[in-house]
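2 protein chains.
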Amino acid sequence: MDSHLLKNTLLHFVKFSNDEWNAIENTLIEKVCKKGELYLKPGEVNKYMGFVVKGAFRKFYVKQGEEINFFFYFENEFVVAFQSFLEQKPTIYTIEAMENSKVILFPYSLAQKLYSTSKEWERFGRIICEKMYILSQKRIENFLFQSATERYDELIKEKPEIFQRIPLYHIASYLGMKPQTLSKIRKMK
Amino acid sequence: MDSHLLKNTLLHFVKFSNDEWNAIENTLIEKVCKKGELYLKPGEVNKYMGFVVKGAFRKFYVKQGEEINFFFYFENEFVVAFQSFLEQKPTIYTIEAMENSKVILFPYSLAQKLYSTSKEWERFGRIICEKMYILSQKRIENFLFQSATERYDELIKEKPEIFQRIPLYHIASYLGMKPQTLSKIRKMK
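In order, the protein sequences belong to chains A and B. The first sequence runs 59 to 247 under our numbering. The second sequence runs 59 to 247 under our numbering.
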């Protein structure tokens, strides 16, 4: 399994031996998603945090027939409908693979088991949640307080690779603007 | 200090002795806020989770000169600009006491210290964050997917006391509707 990236990420939070890692690795699942494949559908419970080894995903919701992109995920990030994961309840989101992708699935049951084994794993759970909270709040505040141009400037600064990997009309939806507006902004820069 | 409510809340997560509690209690601060007093202003760092012993608060942001209510807080809840608290960075929100209120301030530095002392305190930190995440997401999703009437129905089911304690025009702002619309909905019920 191609899990060394995930192992390295986890080692930032938790010290574990090779034996402990082997036990963890046995409960991880490798999943391949083809471009366009739906990784998660509305009504499903998100049972895993998906660590992206390769590829790209978008999470979107459908409002009055229109798909609205909420987040993109790339390598070294956890693709997850986090509320559904935390509560183990059905999600309202759809997650789609935007490229041929590979994820390592970290099961909810494994997370709960690890949280109970040590303080370091509890710390990992707390810090992951804090990061998710901050990301989610930043996303809301971008919408509340920034203009479309400011949102564009921030995105190109923080995730420049997005413009090579995601079609512009999907980025426009993420930024809350029409594709034509995004094209105009890009021409002016 | 009037901290037994907070103590009981914490005991749901963490077992501590009376001696341990006494040490914690020494670093807590009791704060009285008069009705209308600003508990937190934009640009300030929220250094505390404020456990509400008595009273009510509203958290709002100002968009193009208009105050938009984001959350209300009552007894037994933590009033906090949680992102500011987590990152120890300036907030964009204002928090105002809606009644003569009393809060017990739980300092950021105390939280960090307690997290380092035991697995149970780490668990407390994780679970508080998960609850905050879920609350915040529900709030977003209410706005994205529910009609104004559905938001009203949910609020009256989950926090009926709000209509006795908070002026209707503030509730209307929270629900994303004009005060007249809220009055109409209430008459139709």
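Virtual Cβ for every residue (Gly too), placed ideally from N, Cα, C. Here the structure is a predicted model, which is why all the values come from computation and not from measurement.
Neighbours of B:G183 across chain A, judged by C-beta separation under 7 Å: R184. About 6 Å separates the beta carbon of B:K89 from that of B:L163, a gap short enough to meet the 8 Å contact definition.
Neighbours of B:L202 in chain A, taken as residues at a C-beta separation under 9 Å, are given in chain order as Y119, K121, I126, I150. For B:L163, the three-state secondary structure derived from DSSP is strand.
At least one beta carbon of chain A lies nearer than 8 Å to the beta carbon of B:Q141.
The alpha-carbon separation between B:R223 and B:A114 amounts to approximately 8 Å. Against chain A, the CB of B:E219 has no partner CB under 8 Å away; the residue lies outside that interface. Within the region 148-182 of chain A, those residues whose Cβ lies closer than 8 Å to any Cβ of chain B are, in chain order, I150, Y173, S176, K177, E180, R181.
The criterion of a C-beta distance shorter than 8 Å is not satisfied by A:V110 and A:V72.
Neighbours of A:Y191 across chain B, judged by C-beta separation under 8 Å: F140, Q141, L144, C187, M190, Y191, S194. Legend: CB atoms of the region 79-91 of chain B lying less than 7 Å from CB atoms of chain A are not found in any residue. Pairwise C-beta distances place the region 233-243 of chain B in contact with the region 191-211 of chain B, as three or more of them are shorter than 8 Å. If you compare the alpha carbons of A:K171, A:S167, A:V138, A:H62 with that of A:A155, the shortest gap goes to A:V138. For B:N127, the enclosing beta strand (DSSP E) begins and ends at 124-131. Taking 8 Å as the upper bound for CB-CB distance, A:L168 and A:T67 are not in contact here, some 15 Å apart. Assigned with DSSP and collapsed to three states, A:M107 falls in strand. Membership of A:F118 in the beta strand (DSSP E) is indicated by the continuous run 115-121. Using a CB distance cut-off of 8 Å, B:E199 counts as an interface residue toward chain A. Taking a cut-off of 8 Å on C-beta distances, the region 178-192 of chain B touches the region 180-187 of chain A, as three or more cross pairs fall below it. In this model, B:L240 and A:Q141 are separated by some 29 Å (Cα to Cα). A residue is called buried once 16 or more other Cβ atoms fall within 10 Å of its Cβ, and A:G123, having fewer, is exposed. A:Y151 is positioned such that its CB atom lies closer than 8 Å to that of A:F128. For B:I87, there is no enclosing alpha helix (DSSP H); the enclosing beta strand (DSSP E) covers residues 87-91.
Residue pairing by DSSP places B:I153 opposite B:L98, B:K117 in a beta bridge.
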